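Peer 1:
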Amino acid sequence: MNERLSKLTDRLIGREWQGVIIYSPENRYYFSKYRGTAGMLVIQSGSQKLITDFRYVDQAKAQASDFDVLQHQQNMVELVCDQFSHLKRGVVGLEFGAVPVEIYLELKERLPQIEFVDCSEVTNAIRSIKDEEEIESIAKGIEICDQAFAHILTFIEPGKTEKEIGLELELFMKKAGAEGIKANHVIASGPRASLPHGQATDRVLEVGDFLKMDYGAIVNGYISDFTRTVVLGPPTEKQLKIYSIVRKAQEESLKIIGPGVRCCDVDDVGRSIIADAGYGPNFGHSLGHSLGLFIHESPALRSTDQTILQPGMVITVEPGIYIPGWGGVRIEDLLVITEDGYRNLTTSTKDLQIINVREEVH
């Protein structure tokens with residue numbers, strides 16, 4: 001049995017649960033290595049079943065070596081329930097945030113003697129500590145992002161559209177080894193840079209624009225996250241000011257990060273710097289978040305998260321200032337918490353990159 005399964009089984013026994021049903025693609029892959037798009041895991045003490053249909057049986061057997069693969073004919077839920085039908089009563093963990101309502105209702109109807117409880121806290125806690133294999137995949141992803149940033153600096157120029165920038169980044173990253181890019185790919189220029197998650201549009205880049213690029217490469221299913229903001233042509237005094245505040249907020253936050261530090265305390269450092277500069281209302285998201293098989297995992301660097309950072313956690317640090325009608329800046333690095341501090345996986349410079357623009361000849 002792999003270490004991830006062992007951790008889940010230990011918690012299952014400790015809570016006196018009779019089993020756990022895994023539905024989400026991320027947890028399915030995490031615990032079994034199965035990457036098919038259909039299937040459910042039934043994990044009990046001494047028994048691991050992967051239930052899928054005809055299309056994926058061979059794939060499941062090849063990828064999920066720790067599981068007995070069962071093929072359902074018409075109704076996957078019915079076969080899942082068969083694994084618990086011998087119980088007169090019991091408690092079973094279920095991913096409340098992932099399982100569709102119709103499946104939950106069918107489970108309740110077929111297994112009235114079972115109490116279903118949310119297992120997300122358990123699975124999130126296990127996944128929050130990344131192993132070396134996971135860290136290696138995330139590190140490869142952010143290496144591709146760094147390479148893409150160096151490349152895109154030579155591509156950006158007035159007259160290009162946000163979509164052209166986004167497509168060039170995607171093409172470069174896939175050629176560099178990424179299997180895909182993260183879903184919320186952000187390319188926002190000029191006044192649109194004030195949109196924290198502004199998707200690329202046909203807007204044409206102009207001299208004087210801030211260009212905010214937030215993208216991530218996917219490697220072995222693991223997502224990386226990277227943000228830099230550049231300026232086309234000489235920056236104004238206000239642009240330099242806003243950029244320097246965001247950079248200071250990030251760098252001061254990095255100084256306190258390490259094992260034993262509470263997430264909310266890191267958030268407070270970065271948020272206070274932006275607030276003290278008069279831009280508190282212009283920074284409305286968390287200072288950072290964990291990631292892995294999903295773009296936003298637990299824990300998060302926010303005021304309400306008192307999780308204590310531990311070695312093996314992977315966390316972003318991404319303060320920003322967003323001014324409607326003017327633009328915005330975000331700078332993001334990706335860190336791995338270590339025994340004595342952290343390792344910054346992001347190597348791109350945080351100096352404001354100024355894109356040289358050619359003067360028109362009249």
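Take 1 as the starting number for the sequence shown in UniProt numbering and just add one per residue. The C-beta atom is built at its ideal place from N, Cα and C for all residues, glycine as well. Bear in mind that the values here come from a model prediction, so they are computed numbers and not experimental data.
#1: Taking Cβ positions, are Ser45 and Leu12 nearer each other than 8 angstroms?
#2: Could you say which of Arg35, Val80, Val269, Thr316 lies nearest to Ser65 if we only look at CA atoms?
#3: How far does the alpha helix (DSSP H) with Pro25 in it reach, from first residue to last?
#4: Exposed or buried, which one is Leu167 when buried takes at least 16 other CB atoms within 10 Å?
#5: Find the nearest neighbour of Ala277 within the set Phe294, Lys248, Cys264, Leu301, judged by alpha-carbon distance.
#6: What residues in its chain sit with their C-beta under 6 angstroms from that of Leu301, if we drop five residues either side in the sequence?
#7: Under the assumption that Thr227 contacts Arg330 (Cβ atoms under 8 angstroms), give the Cβ distance between them as a whole number of angstroms.
#8: Three-state secondary structure (DSSP) at Ile331?
#9: Is the CB-CB distance between Leu309 and Gly260 below 8 angstroms?
#10: With distances taken Cα to Cα, identify the nearest neighbour of Ile354 among Ile43, Gln239, Ile256, Gln113.
#11: My understanding is that Gly141 touches Ala178, with C-beta atoms under 8 angstroms, so please give their C-beta distance in whole angstroms.
#12: Determine the extent of the beta strand (DSSP E) in which Asp10 is found, giving its start and end residues.
#13: With a threshold of 7 angstroms on Cβ separation, who are the neighbours of Val269 within its own chain once the five nearest residues in sequence on each side are excluded?
#14: Quick one: is Glu109 buried, meaning 16 or more other Cβ sit within 10 Å of its Cβ, or exposed?
#15: For Ala150, does the three-state DSSP call read helix, strand or coil?
#16: Could you tell me how far apart the beta carbons of Ala200 and Ile165 are, in whole angstroms, since I believe they sit closer than 8 angstroms?
#17: Determine the extent of the beta strand (DSSP E) in which Gln44 is found, giving its start and end residues.
#18: For Tyr243, I'd like the list of residues in its chain whose CB is within less than 6 angstroms of its CB, leaving aside the five on either flank, ordered along the chain.
#19: Counting C-beta neighbours from all protein chains within 10 Å, is the total for Arg89 16 or more, i.e. buried, or is it exposed?
#20: Taking the beta strand (DSSP E) that Glu297 falls in, what are its first and last residues?
Peer 2: Considering the structure as presented:
#1: In the sequence shown, the residue the question calls residue 45 occupies position 45. In the sequence shown, the residue the question calls residue 12 occupies position 12. Yes, they are a contact pair.
#2: For the purposes of this step, residue 65 is taken as the residue at position 65 of the sequence shown. When each option's Cα is compared against that of Ser65, the closest is Arg35.
#3: Here residue 25 refers to the residue found at position 25 when the sequence shown is read from its first residue. Run containing Pro25: 25-32, per the alpha helix (DSSP H) assignment.
#4: Mapped onto the sequence shown, residue 167 falls at position 167. It counts as exposed.
#5: Translated into the one-based positions of the sequence shown, residue 277 becomes position 277. Looking at the Cα atoms, Lys248 is the closest of the given residues.
#6: Position 301 of the sequence shown, counted from the first residue, corresponds to residue 301. Cβ neighbours of Leu301 beyond the five flanking positions: Cys263, Val266, Asp267, Ser286, Leu287, Gly288.
#7: Position 227 of the sequence shown, counting from 1, holds the residue named residue 227. Position 330 of the sequence shown, counting from 1, holds the residue named residue 330. Between Arg330 and Thr227 the Cβ distance is about 5 angstroms, and since that is below 8 angstroms, they are a contact.
#8: By 1-based counting over the sequence shown, the position of residue 331 is 331. Note: Ile331 maps to coil in three-state DSSP.
#9: Stepping through the sequence shown from its first residue, residue 309 is reached at position 309. Stepping through the sequence shown from its first residue, residue 260 is reached at position 260. Cβ atoms of Leu309 and Gly260: closer than 8 angstroms.
#10: Looking up residue 354 in the sequence shown gives position 354. Looking at the Cα atoms, Gln239 is the closest of the given residues.
#11: Counting from 1 along the sequence shown, the entry for residue 141 is found at position 141. Counting from 1 along the sequence shown, the entry for residue 178 is found at position 178. Between Ala178 and Gly141 the Cβ distance is about 7 angstroms, and since that is below 8 angstroms, they are a contact.
#12: For the purposes of this step, residue 10 is identified with residue 10 of the sequence shown, where counting begins at 1. First-last for Asp10: 3-14, but that is the alpha helix (DSSP H), not the beta strand (DSSP E).
#13: In the sequence shown, the residue the question calls residue 269 occupies position 269. The answer, listed in chain order, is Glu252, Ser253, Ile256.
#14: As a working mapping, residue 109 is identified with position 109 in the sequence shown. Exposed: under 16 other Cβ atoms inside 10 Å.
#15: Position 150 of the sequence shown holds residue 150. The answer is helix: DSSP assigns Ala150 an H, G or I state.
#16: Walking along the sequence shown from the start, residue 200 turns up at place 200. Walking along the sequence shown from the start, residue 165 turns up at place 165. About 7 angstroms separates the two Cβ atoms, so the contact holds.
#17: Within the sequence shown, the letter at position 44 stands for residue 44. First-last of the beta strand (DSSP E) with Gln44: 40-44.
#18: To locate residue 243, count along the sequence shown from 1; it is residue 243. Excluding residues within five positions, the ones whose Cβ falls inside 6 angstroms are Val329, Leu352.
#19: As a working note, residue 89 is residue 89 in the sequence shown. The residue in question, Arg89, is exposed, as its Cβ has fewer than 16 Cβ neighbours within 10 Å.
#20: For the purposes of this step, residue 297 is taken as the residue at position 297 of the sequence shown. Where Glu297 is concerned, the enclosing beta strand (DSSP E) stretches over 297-301.
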